[in-house]
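Visitor: If you read the sequence shown in my numbering, its first letter stands for residue 539, the second for the next number, and so on. Every residue, glycine too, gets a C-beta built ideally from N, C-alpha and C. A quick note: this is a predicted structure, and the numbers were derived from the prediction, not measured. Would you mind keeping the following structure in view while I ask a few things?
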Amino acid sequence: MSWKKYFTPVPTGTNAEGSYSPFSGYNGGMQPGPATKNYNSHLPDVYVGSPNRVERYGQYNTMDSDSEVNAALDILAEFCTQKNDNNGTNFAISFKQKATNSETTILQKYLQQWCKLNKFETRMFRLIRNAFKYGDQIFVRDPETKKLYHVDAANLTKIIVNESEGKTPEQYIIKDFNLNFGELVATTPHQTNGQINNGGMGSYQSASAGKGHIGGRSGSQAGTRWSREESEIAVDAKHVVHLSMSEGLDNNYPFGNSLLETIFKVYKQKELLEDAIIIYRVQRAPERRVFYVDVGNMPSHLAMQFVERVKTEIHQRRIPSQSGGGTNVIDSSYNPLSINEDYFFPQTAEGRGSKVETLPGGTNLGEIDDLRYFTNKLVRGLRIPSSYLPTGAEDASSQYNDGRVGTAYIQELRFNTYCERLQGMLIEEFDTEFKKYLLEKGMNVDTSMFDLVFQPPQNFAAYRQSEVDNARVPTYTQMSAIPYISNRFALKRFLGMTEEEIAENERLWREENDENLETPPTDAAGEMRGGGISGAGMDADLGGMEDEDASVPSEDGGEATPPDTTTGTDLGGGTPTTDQTV
539 MSWKKYFTPV
549 PTGTNAEGSY
559 SPFSGYNGGM
569 QPGPATKNYN
579 SHLPDVYVGS
589 PNRVERYGQY
599 NTMDSDSEVN
609 AALDILAEFC
619 TQKNDNNGTN
629 FAISFKQKAT
639 NSETTILQKY
649 LQQWCKLNKF
659 ETRMFRLIRN
669 AFKYGDQIFV
679 RDPETKKLYH
689 VDAANLTKII
699 VNESEGKTPE
709 QYIIKDFNLN
719 FGELVATTPH
729 QTNGQINNGG
739 MGSYQSASAG
749 KGHIGGRSGS
759 QAGTRWSREE
769 SEIAVDAKHV
779 VHLSMSEGLD
789 NNYPFGNSLL
799 ETIFKVYKQK
809 ELLEDAIIIY
819 RVQRAPERRV
829 FYVDVGNMPS
839 HLAMQFVERV
849 KTEIHQRRIP
859 SQSGGGTNVI
869 DSSYNPLSIN
879 EDYFFPQTAE
889 GRGSKVETLP
899 GGTNLGEIDD
909 LRYFTNKLVR
919 GLRIPSSYLP
929 TGAEDASSQY
939 NDGRVGTAYI
949 QELRFNTYCE
959 RLQGMLIEEF
969 DTEFKKYLLE
979 KGMNVDTSMF
989 DLVFQPPQNF
999 AAYRQSEVDN
1009 ARVPTYTQMS
1019 AIPYISNRFA
1029 LKRFLGMTEE
1039 EIAENERLWR
1049 EENDENLETP
1059 PTDAAGEMRG
1069 GGISGAGMDA
1079 DLGGMEDEDA
1089 SVPSEDGGEA
1099 TPPDTTTGTD
1109 LGGGTPTTDQ
1119 TV
């Protein structure tokens, strides 16, 4: 092949520099050979995702407790998991080529069986929602029953990839895995000296089949029975179904990116503002009373003592109590300045004395424009139309809006496109898994003739088509009345119908009106009609003629008198002597 000229084979065998290994690229003296120096890749062999990937999962759970974020994730998951009315699942089969009725029926039945096996009717909403929330969803397929078992994404510690094939995952290192189930899917970990992303250089060493860890010693030590490395197991990638919110163009691949990552900063700002609003309203909302206590000309130290005594008398209420073992005592309890109590202070003749004034509470306590701003910013970060998430109590009384009016129509269109893009990230794994299920069940069908797709996000296209039709039909009705415009041209120009749609419409119209249609004349019949003879023959033409009444005289310009067949002369209007039979 032509590409071989660009590669140079690595020599192996005994020579002055030792024996080179085509795998490790190191010679006998453990010096890097050409296999390492010339062909060593800078791509890592082991991927663990972002440095704080597992910690992020906990933050995403906290963000999910927020009402706006929770509602936004529900809306996204609901739009992306619409149910197909034809088969009762969340999927549809898109054929690339013409399929027979039997093939379509069989595929629909197998699709229903596959969805029922994995309980997608009840799990699909939460499955897609968690994929949007965490960015990853991991399932391990049972080799015997072909059933998918969910694995917590936090238990996936690392992924070993084959960088020579475009970062294709080969093994998934999972901790706290079911040991009985692990015996069916476990494999021996790879011995790799490649890089580890976000972890520097290291080697993946194994202690036993299916177990291993990054760096350090893999042998078991005293007191390490429940260590993290001992609880890990290497699962072959062919048994793993990994739903990843990534196209493979970022540094975290094969791990996905959560949709909440883009709004993390806005969420923290909104959370801080909400706490500040609550603290301000609790501290500043109540009214305060200011007591002006007249101390006369007392010295400063005596004045403060007098003020404290007045304060104590106001804040404490002295009531009798029998808690003293049968003896009535005076109990001092706290008095929270009830609004039903009055205050009495002495006042001199000059008008001097103590008084009480009211200090008003904080102002603008009902203004939440700043909080509304951050809430709307958070919602826009998730591409949710503002009409779907009311941000105030007054929005609850708004009329129903289906998104077909004004700028809301544009927001609906963008949101619909965004949901379709999210579906495209996840449908590939479902399509591959369903085709594997068909092959393992012995289904004799070409899997390249169809693709498994999600249902379109909510019936927004029907709204759009309805609006377009309502605008086109009146225009077509007016233009079709003009005799100079072809009906076929009007269908294409003013109704937007394609040639295929026009042909289909004509076919269906003929089927519906077949009983009322007469057989159109053929070309031969048309030519005979031009010569005065119909295609049905002369007898049919004569049979359709009416007998002329002999009592009615012929008018001028009528039929001429037939000639005498014997002599060939005109009879001149006399009575014919011989009957004429034609």
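1) What is the residue span of the alpha helix (DSSP H) that ASN639 lies within?
2) Going by C-alpha to C-alpha distance, which of LYS979, ILE1040, LEU811 and GLU895 sits closest to ASP907?
3) Take the Cβ of LYS654 as the centre, count every other Cβ of all protein chains shown within 10 Å, and call the residue buried at 16 or more, exposed below.
4) Please find out if some non-hydrogen atom of the ligand SAH comes closer than 7 Å to the beta-carbon of ILE801.
5) So which of PRO707, ILE666 and VAL607 has the shortest CA-CA distance to VAL586?
6) Could you pull the start and end residues of the beta strand (DSSP E) that ILE712 belongs to?
7) In this structure, does DSSP put SER935 in helix, strand or coil?
8) Anyone know if the C-beta pair for ASP969 and ASP989 falls short of 8 Å?
9) Which stretch, first to last residue, makes up the alpha helix (DSSP H) that contains ASP612?
10) According to DSSP, is SER986 part of a helix, a strand, or is it coil?
11) Under a three-way DSSP split, which group does ALA1009 fall into?
12) Can you tell me whether GLN675 is helix, strand or coil according to DSSP?
13) What's the call for LEU977, buried or exposed, on a 16-neighbour Cβ count within 10 Å?
14) Whole angstroms are fine: how far does the CA of TYR926 sit from the CA of ARG918?
15) Would VAL689 pass as a contact of ILE676 if the rule is Cβ separation under 8 Å?
16) Answer yes if the segment 1028-1040 comes into contact with the segment 1008-1020, meaning at least three C-beta pairs across the two stretches below 8 Å, and no otherwise.
17) Kindly indicate which three-state DSSP category LEU781 falls into: helix, strand or coil?
18) Within the same chain, show all residues whose beta-carbon is closer than 7 Å to that of TYR710, passing over the 5 residues directly before and after it, in chain order.
19) Below 8 Å on the Cβ atoms is my contact criterion, and I expect TYR805 with LEU686 to pass it. Report the Cβ-Cβ distance as a whole number of Å.
20) So, under 8 Å CB-CB, ALA669 and LEU920 are touching, yes? Tell me the CB distance rounded to an integer number of Å.
21) Out of ALA691, ASN1051, GLY891 and SER986, point me to the one whose CA is closest to LYS636's CA.
22) Could you spell out where the alpha helix (DSSP H) holding LYS808 opens and where it closes?
23) Suppose you measure from the CA of THR762 to the CA of SER769; what does that come to, to the nearest Å?
Guide: Walking through what the data contain:
1) To locate residue 639, count along the sequence shown from 1; it is residue 101. Note, ASN639: alpha helix (DSSP H), 639-655.
2) Start at 1 with the first residue of the sequence shown, and residue 907 comes out as number 369. Checking every option, the nearest Cα to that of ASP907 belongs to LEU811.
3) On the sequence shown, position 116 is the one that residue 654 refers to. Exposure of LYS654 is indicated by the presence of fewer than 16 other C-beta atoms within 10 angstroms of its C-beta.
4) This structure lacks the ligand SAH; in fact it carries no ligand of any kind.
5) The residue labelled residue 586 in the question sits at position 48 within the sequence shown. Ranking the options by Cα distance to VAL586, first place goes to PRO707.
6) The residue given as residue 712 occupies position 174 in the sequence shown. Residues 706-713.
7) Counting from 1 along the sequence shown, the entry for residue 935 is found at position 397. For SER935, the predicted structure reports a pLDDT of 42, less than 50, and the residue's modelled location is therefore unreliable. The matter cannot be settled from this model.
8) Within the sequence shown, residue 969 is the residue found at index 431, counting from 1. Within the sequence shown, residue 989 is the residue found at index 451, counting from 1. Yes, the Cβ-Cβ distance between ASP969 and ASP989 is below 8 Å.
9) Here residue 612 refers to the residue found at position 74 when the sequence shown is read from its first residue. Per DSSP, ASP612 belongs to the alpha helix (DSSP H) from 605-618.
10) Stepping through the sequence shown from its first residue, residue 986 is reached at position 448. Reduced to three states, the DSSP call for SER986 is helix.
11) As a first step, residue 1009 must be located in the sequence shown, where it is residue number 471. Residue state, collapsed to three classes: helix.
12) Position 137 of the sequence shown, counted from the start, is the residue given in the question as residue 675. If DSSP states are grouped into helix, strand and coil, GLN675 belongs with the strands.
13) In the sequence shown, residue 977 corresponds to position 439, counting from 1. LEU977 comes out exposed.
14) Looking up residue 918 in the sequence shown gives position 380. Looking up residue 926 in the sequence shown gives position 388. Computed Cα separation, rounded: 11 Å.
15) Along the sequence shown, one-based indexing puts residue 689 at 151. Along the sequence shown, one-based indexing puts residue 676 at 138. It is a contact, given that the beta carbons lie within the stated cut-off.
16) yes
17) As a first step, residue 781 is located in the sequence shown; it is residue number 243 there, counting from the start. DSSP places LEU781 in strand when its eight states are reduced to three.
18) For the purposes of this step, residue 710 is identified with residue 172 of the sequence shown, where counting begins at 1. Result list for TYR710: LEU694, ILE697, VAL773, ALA775 and VAL778, in chain order.
19) Reading the sequence shown from its first residue, position 267 is the one you call residue 805. Reading the sequence shown from its first residue, position 148 is the one you call residue 686. That belief does not hold up - the Cβ atoms of TYR805 and LEU686 are roughly 32 Å apart, past 8 Å.
20) As a working note, residue 669 is residue 131 in the sequence shown. As a working note, residue 920 is residue 382 in the sequence shown. Contact annotation, ALA669 with LEU920: C-beta distance approximately 14 Å; criterion of less than 8 Å not satisfied.
21) Here residue 636 refers to the residue found at position 98 of the sequence shown. Checking every option, the nearest Cα to that of LYS636 belongs to SER986.
22) Start at 1 with the first residue of the sequence shown, and residue 808 comes out as number 270. It spans 802-822 - the alpha helix (DSSP H) in which LYS808 sits, taken as one unbroken run.
23) Locating residue 762 in the sequence shown gives position 224, counting from the first residue. Locating residue 769 in the sequence shown gives position 231, counting from the first residue. Here THR762 scores only 45 on pLDDT, less than 50, and its place in the model should not be relied on; the value that follows carries that caveat. Between THR762 and SER769, the C-alpha separation is close to 10 Å.
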